[in-house]
Structures are given as C-alpha cells and as structure tokens.
Amino acid sequence: MKKEYGTIFLIIGVLIIFLGFTFSAMAAEFSADLKIKQPDRSYEFKYYTQGDLYRLEKFTGEDRILVIADRKLDITWMLNPEDKIYMELKGTDAAFFNPVRGWEAAKEGTKEEQVGTETVQGYLCEKYTYTPSGGTEPGMEAWYLPELDHFIRIIAHYGGGYEDGIFELLNIKEAPQDDSLFKIPEDYQKKNLLQKKLRKKKLLDRCLPGLKRI
C-alpha cells in the first residue's frame, strides 16, 4: 500500500511539473520596448509577442516600421498601413528588413556556449556567448529568459574602436495579447516591392549587428 501511495504521489508530482512547464510556455505573452543601441545612434520600437508570433512597430520617424513575424515558420511580413499592402520574406532574406531577425541571424553559424546565469532587469537569465567560426573570442553575448522563451539582452562586440551594439527588451509587461496584433488585415494586398525593400534596407541595416558594419 505504501508503495502504491508512493507511486501515486510520484505521478502527481511529475504531472505538476509538466503542467507547470506547459502553463509557463502558454503564458509567454508580453509586450515590451525594444531598444537597439549602435555606435552612431539608438533605435526604439514597440514589441509584442504571442507564442511563436511577434510584432514590431514604430509609426514615426525615418525608421518607422510595422512587422509581423512567425519564428516557427521563419517568415516575416512587412506591412505598409498607408497603402494597405504587405510583402512576405522568408528565412534570412528578412534579416536586413526585420531588426529582430537580423540580430538572430548574427548568431547563426557561430559557436554557442552557456557560461552561467545572471540577473537582468530582475529576471534570472541563462547567459550565452557566441564565437565566430575560426575565432577565439566571443563576438556576441546574450541573456536568455527561459520563462518567456526570449533573449532579453544581446551585446555585439564590434571591435576596431567601435562601441558595442546592444539589443534589449525593456519594460516587459506579461499579459495576454490581442490576436489581431499578429494578423494581416483582410483589406491588405500582397505585393513584391523590390524598390521599397531596398529603400527600407538603407534605413534598417544600420541597427543590425555584424551584417553590415557601421
């Protein structure tokens, strides 16, 4: 009987742990301010996320942008509210047009190593370093928050006398996000706007790490 009770409590304990991870993952919806600091200037955007989806927006200034992206599908949709049109970019094709995808791409092809934990903005994060292929020193450092499944701070070491680049999510507010934030409005038309992409590229590539040196 004691053995049976022990088994029951073990199963309950496993279920509690499993459900805890499940609900934690489901609860990973939040909004934040995304600040990207480069040697020549800083950029600020609003950031929203719901599961694999995220939205990046800024409606004023020369670096205005409205992006919806799906990390699982690795697709970025760039929206133009003025003309009610959008274009679709897949994989690293979006790296120069979506700052978030650009910083993610900068880590690809490097050697990742977890080097402990550190507290960032009151959150206990896992710290990682990223060393370029053939390199001996990390080119990037990143702080990953498991409970939100996000890197909330990334530092790019440019060297050559340049200041570090910093990607950081600030003012994180955990709360359910409206589904409509991550959907392309029905009255938007899909377009292939190469010229507009190139003009947007000139504005956005300056807030990306490593892909194009300042």
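Each residue of the sequence shown is one higher than the one before, starting from 1350 at the first, in my numbering.
A virtual CB, placed ideally from N, CA and C, is assigned to each residue, including glycine.
Just so it is clear, the structure is predicted and the values come from calculations on it, not from any experiment.
Any chain B beta carbon closer than 9 angstroms to residue i
i     : result
I1533 : The structure shown contains no chain B; it is built from a single protein chain.
Reduced DSSP category for residue i - H, G, I as helix; E, B as strand; rest coil
i     : result
L1405 : strand
F1445 : coil
G1488 : coil
S1529 : helix
K1352 : Bear in mind that the predicted position of K1352 carries a pLDDT of just 44, short of 50, making it unreliable; the figure below should be weighed with that in mind. Helix.
Range of the contiguous alpha helix (DSSP H) that encloses residue i
i     : result
E1411 : From DSSP, E1411 is part of no alpha helix (DSSP H); its letter is neither H nor E.
R1450 : P1448 to K1456
Bridge partners - residue i, DSSP secondary structure assignment
i     : result
Q1399 : E1378 and L1402
T1459 : Answer is none; T1459 lacks a bridge partner.
Distance, residue j Cα to residue i Cα
i     : j     : result
P1448 : I1504 : 14 angstroms
L1428 : I1434 : 6 angstroms
E1486 : I1501 : 22 angstroms
G1458 : V1416 : 25 angstroms
L1405 : E1461 : 26 angstroms
F1446 : L1473 : 31 angstroms
T1466 : Y1477 : 9 angstroms
P1525 : E1490 : 29 angstroms
A1455 : Y1537 : 31 angstroms
Cβ distance (whole Å) where residue i is taken to contact residue j below 8 angstroms
i     : j     : result
D1419 : D1442 : The pair is not a contact, with the Cβ atoms about 14 angstroms apart (cut-off 8 angstroms).
L1383 : Y1396 : 4 angstroms
D1528 : A1377 : So it is not a contact: roughly 15 angstroms between Cβ atoms.
E1523 : P1495 : The Cβ separation is near 14 angstroms, so there is no contact.
F1394 : K1407 : 5 angstroms
G1484 : H1506 : So it is not a contact: roughly 11 angstroms between Cβ atoms.
Beta strand (DSSP E) segment containing residue i, residue limits
i     : result
R1502 : H1499 to A1505
E1475 : Y1472 to T1480
Y1435 : I1434 to K1439
N1429 : I1424 to N1429
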